Amino acid sequence: MEHVASIGADIVASVLAEYSKRIVDKAMKGEKLSDWEVGFLFMDAMRRSLEARMEALEAKMGAIEKRMDDMERRMDSIDKGLNMRIDSVERNLSSRIESLEKNLNARIESVEKSLGAKIDSLDERIRNVEKSLNTRIESVEKDLNARIESVERAMNALTEAMKIRMDGLEKRMEAIEADMRYVKTSMDSIRNDIIKLLLERIAPAKAPAGEKA
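If you want this note's numbering, it's the position in the sequence shown, counting the first as 1, plus 7.
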């Protein structure tokens, strides 16, 4: 189908070229051209210019396609080279990583053994320190309990003594209050006796004076 279309386009182009040639020959003979013929020549000139530009563009596209093909081949070559280098690097890295893993595992095992021994020794030291601390704490607790009990006994004795002294002071205050009441009562009695005596002395002195009057 594309081949048939190409043949048809070639035939049309040939017919147009022949018709354009006839119009040019007519103009060369000095004959007057119609507006349609002038327009046809103008359109034919534009067609040829467009075809030339299309051919130039196709040539450029061909060159670009060639460059793209060259670039694709170079990219394929580079890709193959990179894949080969990557494979080589991967193999090298895998070998080195395996070696590093072995060395690390060996070092880790050695460190674990060393740490295990140190941890066991540290555990033993911690247990000994705990025992010593527990013994010292028990001794301190006993001493503190004894001192606290002694202080409590002293405080109880002091409290009891203070209570006894307070009881004695209360009794003395009661005795003093009783003495004060007795003194007040005595003073009242003495005052009354004095007033009575004064009245008795004054009364006889007034009586003779009355009689004389």
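Glycine is no exception: its CB is placed at the ideal position from the N, C-alpha and C atoms. Treat the numbers as computed from the prediction; the structure is a model and nothing was measured.
Separation of residue j from residue i, as counted between CA atoms
i: Ser121; j: Leu129; result: 12 Å
i: Glu167; j: Thr192; result: 37 Å
i: Lys178; j: Ala153; result: 37 Å
i: Asn99; j: Ile85; result: 20 Å
i: Arg208; j: Met194; result: 21 Å
i: Lys109; j: Arg103; result: 10 Å
i: Lys149; j: Gly123; result: 39 Å
i: Arg188; j: Glu181; result: 10 Å
i: Ser139; j: Glu116; result: 34 Å
i: Ser196; j: Val190; result: 10 Å
i: Leu151; j: Leu165; result: 20 Å
i: Lys39; j: Lys33; result: 8 Å
i: Lys125; j: Gly88; result: 54 Å
i: Arg132; j: Asn112; result: 30 Å
i: Ile18; j: Met78; result: 39 Å
i: Glu156; j: Glu145; result: 16 Å
i: Ile201; j: Ile183; result: 26 Å
Closest Cα partner of residue i within the set the options
i: Asp42; options: Arg143, Asp186 and Ile30; result: Ile30
Contacting residues, own chain, Cβ-Cβ under 6 Å from residue i (five flanking each side not counted)
i: Ser106; result: none
i: Val11; result: A caution first: Val11 carries a pLDDT of 46, below 50, which makes its placement in the model unreliable, though a value can still be read off. Closer than 6 Å at Cβ, skipping near neighbours: no residue.
i: Ser27; result: Asp51
i: Glu44; result: Ile30
Other residues of its chain near residue i: CB distance less than 8 Å, five sequence neighbours each side excluded
i: Asn135; result: none
i: Glu218; result: Unreliable placement is indicated for Glu218, whose pLDDT of 49 sits below 50; no coordinate value is reported for it.
Contacting residues, own chain, Cβ-Cβ under 7 Å from residue i (five flanking each side not counted)
i: Ala210; result: none
i: Ile205; result: Position check: residue 205 holds Leu in this sequence, whereas Ile was assumed. Here the set comprises nothing.
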